[in-house]
Structure formats: C-alpha cells, structure tokens
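As structure tokens, the structure follows; a few thoughts come after it.
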Amino acid sequence: MKDALGQRGEAIFTVLMTEFHSNAGPIFKPQFLGDKWQHVDFIVELVGSDKSVPYFFVQVKTTREGYTKKLNRLKVKLRQESVIGLASYPAPTYIVGIDEIQETGYIVSANGESLNSLSSLSTLFKIIKQNRELLWHEVNDFWSRYHTSHLISKFADQDWR
Numbered sequence: 001m002k003d004a005l006g007q008r009g010e011a012i013f014t015v016l017m018t019e020f021h022s023n024a025g026p027i028f029k030p031q032f033l034g035d036k037w038q039h040v041d042f043i044v045e046l047v048g049s050d051k052s053v054p055y056f057f058v059q060v061k062t063t064r065e066g067y068t069k070k071l072n073r074l075k076v077k078l079r080q081e082s083v084i085g086l087a088s089y090p091a092p093t094y095i096v097g098i099d100e101i102q103e104t105g106y107i108v109s110a111n112g113e114s115l116n117s118l119s120s121l122s123t124l125f126k127i128i129k130q131n132r133e134l135l136w137h138e139v140n141d142f143w144s145r146y147h148t149s150h151l152i153s154k155f156a157d158q159d160w161r
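Numbering-wise, the sequence shown is residues 1 to 161 according to this note's numbering.
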C-alpha cells in the first residue's frame with residue numbers, strides 16, 4: 001500500500017507540474033530519479049529559459065490522512081535527516097506534499113529556511129498556474145545569478161583529431 005501511495009503521489013506531481021501554461025505547453029520537465037536516491041525524488045528542468053537549463057530538486061510526500069484542524073496543514077511526515085539532506089544540495093530544493101484523495105499538491109522550500117522534521121506541510125502554495133509561474137521565476141532567477149567559470153577538465157579528449 002505504501003509503495004502504491006507513493007507511486008500515485010509521484011504521478012500526480014508529474015501531472016500537476018506539466019499542465020499546459022499556453023499553447024507552447026508546460027513550463028516544467030520533471031524527471032523521476034528512481035527509488036535509490038536518498039533525499040531527492042525528482043529533478044525538474046525549466047522549459048523556455050534563454051541562457052541555460054535551470055533546474056531544481058523535489059522530494060514528494062503523499063498522504064491520505066487529510067489536514068490538521070487548527071491550521072489546515074497537509075498531514076505528511078518528513079524526518080529532519082531528510083529535510084537537511086534535501087537542503088544540502090547546492091540548488092533550489094523543495095518538498096511537495098500530495099493529497100492523494102483530492103489529487104492536489106502543495107510546495108514548500110527546503111533551502112535551509114527551516115531544518116526541522118515535519119509532521120505537516122503548509123497549504124499556502126498549492127500547485128496551480130500562478131504558483132508554478134512564481135516557482136519558474138524563482139528558480140530561473142537563482143540560476144541567472146549563479147556564475148560559474150567554465151570547467152577545465154583533466155579528462156579532455158586531447159587525442160581527438
């Protein structure tokens with residue numbers, strides 16, 4: 001049951017993130033990384049960026065438990081080790097909670113703002129068109145400010161002619 005719930009949540013996440021924003025199509029390209037990754041479920045590329053291929057990482061948590069009564073937070077569990085592990089990636093990272101029954105999702109940053117375990121997740125940022133667009137710009141802005149020097153590899157093919 002747990003594997004089926006997780007797989008359904010991952011599929012719902014993919015559907016929510018690939019909804020069309022215009023006739024041009026979706027603005028995200030999620031790729032499931034497999035069950036062997038410890039803290040990350042998806043790498044998600046931005047579609048339509050000019051200079052590079054910006055991306056972010058996501059861990060998806062799926063529940064059928066509903067919401068807290070007091071603050072209407074989605075009841076999902078995430079250990080502190082997982083939150084810290086996700087935040088350790090030098091890229092934008094997010095936790096997505098999926099309400100499997102309603103087939104809705106909510107996104108929260110995991111970039112070090114709060115490195116505690118979670119027993120529930122904020123429902124302020126539902127995965128809808130407006131928030132997908134905000135997310136696209138947030139990630140694109142992050143990578144546009146990220147300056148890297150061109151790697152000079154020791155593994156260059158010097159014999160190629």
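We put the CB at the ideal spot given by N, CA and C, even for glycine.
For Q38, the secondary structure class from DSSP, reduced to helix, strand or coil, is coil.
DSSP assignment within the region 45-96 yields the following whole beta strand (DSSP E) runs of 3 residues or more, N-terminal first: 55-63.
Per the C-alpha coordinates, the member of E103, S122, T104 positioned closest to A110 is S122. Between E103 and I27 the beta-carbon gap is near 20 Å, outside 8 Å, which marks them as no contact.
Under a 10 Å Cβ-count criterion, G9 is classified as buried, with 16 or more other Cβ atoms of the shown protein chains found around its own Cβ.
Residues L5, G6, R8, G9, I98, E100 of the same chain have their beta carbon placed closer than 7 Å to that of T62, with the five preceding and five following residues left out of the count. Across the structure, R79 and S22 are spaced so that their CA atoms are roughly 38 Å apart. The Cβ-Cβ distance between F57 and V40 falls below 8 Å.
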